[in-house]
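Protein chains in written order, with the numbering used here: chain B, 47 to 364; chain Z, -8 to 409; chain P, 907 to 1169; chain Y, 907 to 1169; chain E, 908 to 1340. Backbone N, C-alpha and C define an ideal beta-carbon position, used for all residues, glycine too. Because the structure is a prediction, the values reported are computed rather than measured. Written out below as structure tokens is the structure these notes cover.
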Amino acid sequence: AGTLDDVKARGKVNCGTNTGLVGFAAPDANGEWQGFDVALCRAVAAAVLGDHSAVEFVSTTGRTRFTALASGEIDLLVRNTTWTFTRDVDLKFTFVGVNYYDGQGFMVPKSLGVTSAKELDGATICIQTGTTTELNLADFFRTNNISYEPVPIETNAEGQQQYLAGACDAYTTDISGLAATRATFEDPTAHVILPEIVSKEPLGPLVRHGDDEWADVVRWTLFALIAAEEYGVTSANIDELVANPASNPEISRLLGTEGDLGPMLGLSVDWAVKAIKAGGNYGELFEKFIGQNTPIGLPRGLNAQWTDGGLLYAPPFR
Amino acid sequence: MTMMTAPPKQTFRVGMLIHDTRYRSLTIQIVVLSAAMLMAAWLINNTIQNLAVLGKPISFGFLSSAAQYDINQMLVSYTNQDTHLRAAFVGLLNTLLVAVLGCALATVLGVLIGVLRLSKNWLVARLMTAYVEIFRNVPVLLWIVFAMAILIETLPTPRDFRGEEATASMLLGDSIAITNRGVYIPEPLFSRSLGDLPLPGAVAISLDLVAILALLAGGLAASAAIRRRAERIQNATGKRPATWHLRLGVIVLPQAALLAALGFHLGYPELRGFNFQGGIHLRNSLLALWLALSFYTAAFIAEIVRAGILAIDRGQTEAAAALGLRPGRIMRLVILPQALRVIIPPLISQYLNLTKNSSLAIAVGYMDITGTLGGITLNQTGRELECVLLLMLVYLAISLIISAVMNWYNARVRLVER
Amino acid sequence: MSDPSNARDIDRSRMAVRDEVAIRIAGMNKWYGSFHVLRDIDLTVHVGERIVVCGPSGSGKSTLIRCINRLEEHQSGSIVVDGIELSSDLKNIDKVRSEVGMVFQHFNLFPHLTILENCTLAPIWVRKVPRREAVETAMHFLEKVRIPEQALKYPGQLSGGQQQRVAIARALCMRPRIMLFDEPTSALDPEMIKEVLDTMIALAEEGMTMLVVTHEMGFARQVANRVIFMDQGQIVEQNAPEAFFGNPQSDRTKLFLSQILGN
Amino acid sequence: MSDPSNARDIDRSRMAVRDEVAIRIAGMNKWYGSFHVLRDIDLTVHVGERIVVCGPSGSGKSTLIRCINRLEEHQSGSIVVDGIELSSDLKNIDKVRSEVGMVFQHFNLFPHLTILENCTLAPIWVRKVPRREAVETAMHFLEKVRIPEQALKYPGQLSGGQQQRVAIARALCMRPRIMLFDEPTSALDPEMIKEVLDTMIALAEEGMTMLVVTHEMGFARQVANRVIFMDQGQIVEQNAPEAFFGNPQSDRTKLFLSQILGN
Amino acid sequence: MPGQPFVRSHMLPERAPPATAAGPLLWLRENLFSSWFNAILTLLSLGFVWYVLAHALPWIVQSSWTANSLTECRQQIAASHGPGTSGACWAVIRERYLQLIFGFYPSRLYWRPILAFGLTLAALAPILFPALPRRLLWLSSTVPFLVPWLLWGGSLWLPVSIALGAVLGYAALRLVTPLAGSLAGVIAAGLVPVLWWLFGAGPATGLLQSALPLAIDSVQSRAFGGFMLSITIGIVAITCSLPIGILLALGRQSDLFIVKTLCVGFIEFIRGVPLITLLFVASLLLNYFLPPGTSFDIILRVIIMVTLFAAAYMAEVIRGGLAALPRGQYEAAAALGLDYWKAQRLIIMPQALKISIPGIVSTFIGVFKDTTLVSIIGLLDPLGFSNAIRADTAWNGIVWELYGFIAALFFVFCFAMSRYSMYLERKLATEHR
Ligand SMILES: Nc1ncnc2c1ncn2[C@@H]1O[C@H](COP(=O)(O)OP(=O)(O)OP(=O)(O)O)[C@@H](O)[C@H]1O
Ligand SMILES: Nc1ncnc2c1ncn2[C@@H]1O[C@H](COP(=O)(O)OP(=O)(O)OP(=O)(O)O)[C@@H](O)[C@H]1O
Ligand SMILES: [Mg+2]
Ligand SMILES: [Mg+2]
């Protein structure tokens, strides 16, 4: 049977997440997982099962995440995983979209007086292993013909600890991670993120190869969140919009008041409504977990809607 | 003396497969063997099917493709353009390095602590007991991350060495820098170096090192010859000539001459750019792993040493003393040879444990074989089956070699009994 | 209790006692912690004397003879062995120990060395005798205790009686002038006791000064020229063996003898 | 050597030997590896016979009786016990073992079980006797060996002699028709030997077929109706005890007897 | 002149030793300052103790218990102890200790793991302390079925029907042995429960459950975390590894060549590789080895691998116990007509296991400590959880307090157990056997 049927039969979505990444996935004091990646899992659960809490979170490490997905232990993996050719083709996964456009950057203490990554010749650099980061780093320094001393570390918490204690001159990971980390410093202003972005890191949810129904569900749940923001559908006004269908037919189709997109996916008519109500649209989630008003304080940047000059672009719902 | 009469011929009945002791064991073994083979066949069949479903047939081809990642510590040359196989080899050498360093330090500490635990000094004995209890009752992984945290958080950064109001300074006449990025110590350099000796497999060995080792071996042999001569003299006259200065001389003097000839000098680390440059860099990851494994294992070794010494009957010491032997001689001639027999086997199995525990290197980012082959290579290539199997084989080989040595030793020193 | 007197006649010709003093103990006291083990011991042993020490368990016999080669320290009084006063001076201790041989109840052979090596170890390392000579001496004494053919075996391969004889040979190899024995036969099976006692008798015949803690009364009668009875850390009675066994004076001695001979 | 003949008069009335054959060993050989331990053993034991086996150490006595209940396998010849031929068939082995009781030199009681449990274990698990009945039998035999009051103690709390008597009771609880004893008294202190021998004599008086390896010649004289002397894996001489001790034929027997009795 | 005859007329009383040989001064001199070398050691040790206490105590004491984030902690400490004081932020422990202990286990159900743990202790008591009444062993035999049910929840009928498997095995043993011999009996006793568990237990549970619903809330093993996870893995692994270890040890001791080779191969293989590689197998490879489509929970997989790991070590411990038994025990059992399995069950194993208890306890300590390794494959044991807590914005950057708390908990557990095993060793050494 397909994953969608399995999930419905089980009544739970098994969602692979990070073991702990500030802003994206971490358990709170009540043992509830919270974060930007986590919210996507909840939206999928809401869309499929109508209950945003019907999720089992499986914490995975860089080493175990793909096996967990391949073996069927989890139904989807939302763990700041970069969409690459080999992962998509050789490792046989399907990336269903991008929920965060990231890029690898460097953070250094202001006091170091460095303004460009190219000045980092001979520097000690902390990198989180098990990601594409170490490959990008190797490539960057090789192409610029400068040397560095890599300090591999397992988790972001350790990377931050080493960086703060001065055990490395620079810390490199995805810009989002850098910003999130910097935000928790006692004095965030004492650290700068260097302008170089050495890689493209489209982070997105992925599912197993060959289960297109399930891939569609996850893909369009993500798009529903993005489209909702584009059309101004928020968790606050969605009930009203459902009750009084607006003039925009795109919104009506998205919310299921018109057409039957949901049943085509094998879901209920109001699947998108539930997904959006689970935590809000893309913009709401962004602001809630990683946006400017959170301690992490990420700007929208590339992750703004295409209408605002960003890269977020949901295909039409029709 | 007697003719063997053949056992009476019996007709074979099926029931005898179970009831007859001669056939019974055969029956059991065949049943067990076929069950085991069935099980193995089932597992292998499942694996093949699963791999087919995933479209990932077993292949070790990835080992010869470029690794593309950097390793900060290597004992042989390596760049990110080298193969995964070479990365694994670098990792293996790093595993062996930390294992050897760890065993050495753990032994020294363990023996010291084990002996001090037997000390008549109440305070020292108590402290050592506390040491043993604290270290062996907390998981080694916790000790490793703890050690790393201590190194990082309590030591000065290179920046602290810089400028007018430096808060930290180098030790021993600016030759050693202890920083939270590791310890920098002077490195030996040769101004008239003999160059490298390339070996197959792109491994190069420094000829200087070869020369030094060869001379050292020669010196040791000469020293042994002097010792044997002293022994002969003792056997002949009963007087043992003092030879330590001679023996030291034949080892040290030629070395000194060779080093002078090679233009030996030390390369001191100095603060340049972001880091100390030059010298040998003992990285935090290595230090943390090394110290944590050594301190943890030392607690076990201390217990082994203590038990070994206690296992020797007091009567042995008394008998030796009654013969007029001095305490030092009693230790060397009577107690140690016996205690070592008791100590060495469990000691070697502690070495084995330490080597296996060194696989926890990944917790601090030390690039041992688990970190390279079982870590980044596995992640980058997605070849779990091949990587983990290779990894297990490597550890198994190391273990089997160590236990072969242990068995050989046990067989050699076993006390002769009736 | 086996009675070696039937076994062979004793040659008493060389067993004369000389006037020279081998051991002189005067007013010696010893405590273990606050437990008073040896109380005011006075004892003079002449060269050539063969003294048997007996007494109930825990009476301090072992402690007494262990004090003589300073395996135990005494706290007051004096012990002079072969003219050397035992003090905490290491040199004195060494000298005394190479003059005094000791044989233990549990043999205490070194299990990692062959019989021959057991016997040559101390001569080579303490007396600094050339190995050849040490081996010759060792073989000589091993012959004396009648096990030269075992020289290359290990202690673990020998029976208890053989091991004890090796222990005697080992002590003799240091050519001591005084031999101490602490219950040398009590860990042995009955058949083996005889062979060890025979060896000790042979030693006595050669005029060795001997202090023997033992309950082998046959041996005492035959060989000793004085029997000392200890109780509660004190010497209660001493006498020639005939007198001691025939006509014990003290009540304690009588009680002890009745127990031990009645058995 | 203690001599139980003084102890009590033996009732020989029931000790008659019947014509029935209990054990028949014919042309039996056994090797340990390439070492030929038992050579062409022929031996017939009738019901009610009491046979003492003696001989020097290493002559194969233990091996012989261990072959009889197949603790050791023989390689050629035949052993028929109580009409059952010993072969590699497990069922036969089980049958024979429950017909034959065995008492070892070192008792081999099960230290984790009480005396009573030691005695009831095999009847319950092998003979499938109800527990109540097994306990009754056990108490009966424990009374016979005169230690019923120890039934609830553990073996470690008993003296050696008591332990050996329990071992005999334990074997008897299986109601064997033949009893094998392998030096049942040689690990015991002299005082305890007597009590065990008394127990065995009592057993003999009841007409039990017994094969006893022992050097207790007093016991042999008093109880045995045949003494077998073994040397180098062969039966060298067998005879009624009076004849065996009074007039040994073989030189080896004479030598052995002189050693063992002279001691 | 030989000594004169001498008879003591009166016995000397016991006297006190001279002043230099007793009293507290003597104790000091003998134990701390008996030589200049010892005196130096004493001073060095005192210095070391002072150094450690002087640094650790203020940090431990000048702490904050009430803050809600690390920043708040720093402010509170600076406020109450002056700026620049470094102090512990125990507030994180106050906020998260339940998580560190129970993981994500639903807080209203905390009583279940607590009860399960208590039951386990109660069940162990009669095994560990022979003085307790033997009747408690009945409790011990039900607990292995009860505890998993309490932890994972679900239908009561599941543990019942699993226990039924054990009963069926026993029944098979009793039925088959008289008919077809003890070997067949043992095989049947092994086979019947396995078949029942594979094919019978599921439907039976369903049937019973529909007939009489008796169930408690079920909890996914994903919710397990913190110390509960460590203890669960440790206890389940040790309990399950015991029978496997016994079989392996018997196999290794047997003179059947193939059986022996297989057992030796298995034991040496498992002991030759680090546990972490076995955990990799659990997390990465186990799915390859099972039929396509089967996938079960990572914690179960980890428990399986840790069980195999413990079994190999257990086998060696038990082999030591077997080797310590005198041959006479085997022979006496055989001479009484007990067959191999009966002799093992009634005579050999009870003694061998008793001798092995200290070794088993040590193995357990080792396995319990090694459960921290599961954090490397992403399970949230205490160490893994500490990382997750550090990923919380409020506590990002906290280190020592968490490590200290975890280390202290492990220490308390392991120390208690190692004391127990020492007590046992002493007892076994003095006990008459
Ligand atoms: N190292 C020691 N520490 C404390 N007390 C001791 C020590 N050695 C012996 N004792 C005690 O001193 C007393 C005398 O012991 P000693 O061994 O000299 O007796 P013994 O006469 O040789 O007895 P036995 O015939 O049992 O060997 C005993 O009460 C003993 O318990
Ligand atoms: N398991 C064995 N393997 C090899 N040789 C053995 C074994 N058991 C006994 N032997 C040898 O077989 C010979 C006969 O042994 P057995 O125990 O039967 O002698 P015994 O007459 O009972 O001697 P003892 O009076 O010492 O008990 C001895 O030489 C012994 O060394
Ligand atoms: Mg004594
Ligand atoms: Mg025998």
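- Segment contact: the segment 109 to 123 of chain B against the segment 216 to 234 of chain B, fewer than three CB-CB distances shorter than 8 Å; contact not assigned.
- For THR969 (chain Y), the CB falls within less than 6 Å of some heavy atom of ligand 2.
- Between the beta-carbon of VAL244 (chain B) and that of GLN150 (chain B) there is about 5 Å, and that keeps the pair under the 8 Å contact cut.
- Three or more beta-carbon pairs separated by less than 8 Å link the segment 1070 to 1082 of chain P to the segment 301 to 316 of chain Z, which places the two stretches in contact.
- If you check the C-beta of GLY366 (chain Z) against ligand 1, you find no heavy atom less than 6 Å away.
- In the structure shown, CYS960 (chain Y) adopts extended strand secondary structure according to DSSP, grouped into three states.
- GLY270 (chain Z) and TYR287 (chain Z) do not touch by the CB rule: their CB atoms are close to 29 Å apart, not below 8 Å.
- At a beta-carbon threshold of 8 Å, the residues of chain Y lying near LYS1249 (chain E) are TRP1031, VAL1032, ordered along the chain.
- Taken from the Cβ of VAL959 (chain P), every heavy atom of ligand 1 lies 6 Å or farther away.
- Counting of Cβ neighbours within 10 angstroms places ASN41 (chain Z) among the buried residues, the total reaching 16 or more.
- The count of Cβ pairs closer than 8 Å, one atom from the segment 158 to 169 of chain B and one from the segment 237 to 253 of chain B, reaches three, so the stretches are in contact.
- SER1293 (chain E) has its Cβ no nearer than 6 Å to any heavy atom of ligand 1.
- Note on the segment 1092 to 1147 of chain P: whole alpha helix (DSSP H) runs with a minimum of 4 residues are 1096 to 1111, 1123 to 1129, in chain order.
- Assignment of CYS1025 (chain P) by DSSP, reduced to helix, strand and coil, places it in the helix class.
- THR949 (chain E) reaches chain Z at ASN112, TRP113, LEU114, VAL115, counting residues in chain order whose Cβ is nearer than 9 Å.
- Assignment of THR969 (chain P) by DSSP, reduced to helix, strand and coil, places it in the helix class.
- The continuous stretches of beta strand (DSSP E) do not include GLY1200 (chain E), and DSSP gives it neither H nor E.
- Judged by DSSP secondary structure, MET934 (chain P) falls within the beta strand (DSSP E) whose first and last residues are 927 to 938.
- Inside the segment 327 to 379 of chain Z, DSSP marks no whole beta strand (DSSP E) run of 3 or more residues.
- Shown in chain order are the members of the segment 193 to 226 of chain B whose Cβ falls below 9 Å from a Cβ of chain E: GLU200, THR201, ASN202, ALA203, GLU204, GLN206, GLN207, LEU210, ALA226.
- With a threshold of 16 other beta carbon atoms within 10 Å, SER1156 (chain Y) falls short and is exposed.
- Counting only runs of 4+ residues, the alpha helix (DSSP H) found wholly inside the segment 264 to 347 of chain B occupies 284 to 289, 295 to 301, 307 to 311, 317 to 325, 328 to 335, in chain order.
- Distance between GLN371 (chain Z) and ARG109 (chain B), taken at the CA atoms: about 9 Å.
- Residue burial annotation: GLY46 (chain Z) is exposed, with fewer than 16 other C-beta atoms found within 10 angstroms of its C-beta.
- C-alpha of GLU286 (chain B) to C-alpha of ALA270 (chain B): approximately 17 Å in a straight line.
- For a cut-off of 8 Å, the C-beta gap from ASP316 (chain B) to GLY326 (chain B) is around 16 Å, too long to register as a contact.
- A distance below 7 Å separates the beta carbons of THR1105 (chain Y) and ARG1071 (chain Y).
- Residue nearest to VAL1133 (chain Y) within the set Y:GLY961, Y:GLU979, Y:ASN1024 is Y:GLY961 (criterion: CA-CA distance).
- Of the residues assessed, TYR1220 (chain E) falls on the buried side of the cut-off, its CB having 16 or more other CB atoms within 10 angstroms.
- Residue contact with chain B for GLY1285 (chain E): present (Cβ-Cβ distance below 7 Å to some residue of chain B).
- Using a Cβ-Cβ distance cut-off of 8 Å, the segment 931 to 940 of chain Y and the segment 1108 to 1118 of chain Y are not in contact, since fewer than three pairs of beta carbons, one from each stretch, lie closer than that value.
- Going by DSSP, GLU1042 (chain P) is part of the alpha helix (DSSP H) stretching over 1037 to 1050.
- Here the distance from the Cβ of VAL943 (chain P) to the nearest heavy atom of ligand 1 is below 6 Å.
- For PHE187 (chain B), the enclosing alpha helix (DSSP H) has its first and last residue at 179 to 189.
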